[in-house]
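So for the sequence shown, this note's numbering puts the first residue at 26; every next one is plus one. Let me begin by presenting the structure, written as structure tokens, before commenting on it.
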Amino acid sequence: RSGAASGASRGAMVAGAALGIVGFFAVPVVGLPLGAVAGVLLAERARTGAWGPAWVATRGVLVGFGLGALAQLGAAAAMIACWAVWVVAV
């Protein structure tokens, strides 16, 4: 939602996902986020013809990625806490 709210087109997000997958296999650890960011940036640059709006849309997508990562971290912490309570109780 952050990407769409910042002006990123659906096509740019698809391009980001596609380049993220390519980056995942091309450069193992950091390729996924780098490819995704590059895909969104380049697709938005091609769509708008200017770097300014492309950077704004890319930042919005990065915020969305960051919020998703924080949500996953919170879910993982909750699962670990449940497991720890179970270990202590049993």
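Note that CB positions come from ideal geometry on N, CA and C, so glycine has one too. From a predicted model like this one, the values you see are computed outputs, not experimental measurements.
Less than 8 Å divides the Cβ of G45 from the Cβ of G64. In the structure shown, A101 falls within a helical segment according to DSSP collapsed to helix, strand and coil.
Assignment of G32 by DSSP, reduced to helix, strand and coil, places it in the coil class.
Assigned with DSSP and collapsed to three states, A79 falls in helix.
If you look at V62, you'll find it in the alpha helix (DSSP H) that goes 56 to 73. Straight-line measurement puts the Cα of V47 at about 10 Å from the Cα of P53.
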